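**Student:** In our numbering, the protein residues as written are 138 to 392.
Take this structure first; my questions come after.
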DNA sequence: ATGGTCGGCAACCGA
């Protein structure tokens, strides 16, 4: 089984990249974030023509998540309200006996802001949701853009960004709780060296070329699945295609 | 070389 996650930064702007990648890599499941499209405008026909089922929840302009899969997901939920705010950031479902969750965690603006507090509350709520509804001894995949670099390995300039949004101890303490609960960072299980990132800020000139990036996208899995993981990698080729997203694909293969 | 991010969506906001 092959799964991947990709922050598309508009599924409509990224449709050629996504369709090309599906054709080349043929994942069983692709988790998408920042689709930036209302459900009525979601490109269902293109996805179907590529041989994939789609579940999605979008909103105008911002956020939006989707799960594309060769086999249809069952038991789909598309809402996880936090502090009465129900943005399009969450999809859960089941693929056979594997439970899957796709998330787009709030970016958080800057520490001290309301957006930052909301980000922490959102992560806390997600963790409680997972702990309430799932068991670490059963197969669960949680993938998406967590908008947090966990360690210095996950960021090109840890000293420069220490305490800033995306590399703040309060964010990292929350991620730690996901790991403590029983979710394994599948990329880090397999790749423990090299400046490997999944996101390069468009605003840094030649940031991709200079590899000034962040590894803020994750594929997390509980033990029974993590034991079956054989490899994980970041597909930088997709970032070299015309009109790339500011993120690229993170991929994992399971037995 | 006298500039320098994207995408959405219609003026800026968010990342």
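No residue lacks a Cβ here, since even glycine has one placed at the ideal position from N, Cα and C.
It should be emphasised that the depicted structure is a prediction, and the values quoted were computed from it without experimental measurement.
#1: Quick check: residue 334 and residue 383, are their CB atoms within less than 8 Å of each other?
#2: Measure the alpha-carbon distance for residue 316 versus residue 307 and round it to whole angstroms.
#3: Report yes if the C-beta distance between residue 311 and residue 266 is below 8 Å; otherwise report no.
#4: Taking 8 Å as the cut-off, decide whether the C-beta atoms of residue 360 and residue 274 are in contact.
#5: Start and end of the alpha helix (DSSP H) containing residue 318?
#6: Put residue 199 into one of helix, strand or coil per three-state DSSP.
#7: Between residue 313 and residue 264, how many whole angstroms is the CB-CB distance? I'm expecting something under 8 Å.
#8: Go through the segment 176-233 residue by residue and report every complete run of the beta strand (DSSP E) that reaches 3 residues or more, in order.
#9: Start and end of the alpha helix (DSSP H) containing residue 326?
#10: Please identify the residue among 348, 211, 257, 341 whose C-alpha is closest to the C-alpha of residue 237.
#11: Would you call the segment 246-253 in contact with the segment 190-210, where contact means no fewer than 3 C-beta pairs closer than 8 Å?
#12: Between the C-alpha atoms of residue 196 and residue 224, what's the straight-line distance to the nearest angstrom?
#13: So is residue 367 buried or exposed if we call it buried at 16+ other beta carbons inside 10 Å?
#14: Less than 8 Å between the beta carbons of residue 259 and residue 276, yes or no?
#15: Measure the CB-CB distance between residue 159 and residue 167 and report whether it falls below 8 Å.
#16: Buried or exposed, going by whether 16 or more other CB atoms sit within 10 Å of the CB of residue 155?
#17: If you check the beta carbons only, do residue 139 and residue 388 fall under 8 Å apart?
#18: Tell me the DSSP secondary structure of residue 372 in three-state form.
#19: Between residue 180 and the rest of its own chain, which residues show a CB-CB distance below 7 Å, the 5 nearest in sequence each way excluded?
#20: Can you list, in chain order, the residues of its chain whose CB lies under 7 Å from that of residue 184, leaving out five sequence neighbours each side?
#21: In whole angstroms, give me the CA-to-CA distance for residue 193 and residue 342.
#22: Per DSSP, which residues does residue 259 bridge with? Please list them.
#23: What does DSSP give as the partner residues of residue 279 in its beta bridges?
**Tutor:** The structure says:
#1: no
#2: 15 Å
#3: no
#4: yes
#5: 306-318
#6: coil
#7: Rounded, the Cβ-Cβ distance is 10 Å, inconsistent with contact.
#8: 190-194, 202-206, 211-214, 227-232
#9: 323-327
#10: 211
#11: no
#12: 8 Å
#13: exposed
#14: no
#15: yes
#16: buried
#17: yes
#18: strand
#19: 148, 149, 152
#20: 191, 205
#21: 33 Å
#22: Partner(s): none; residue 259 has no beta bridge.
#23: 238, 357
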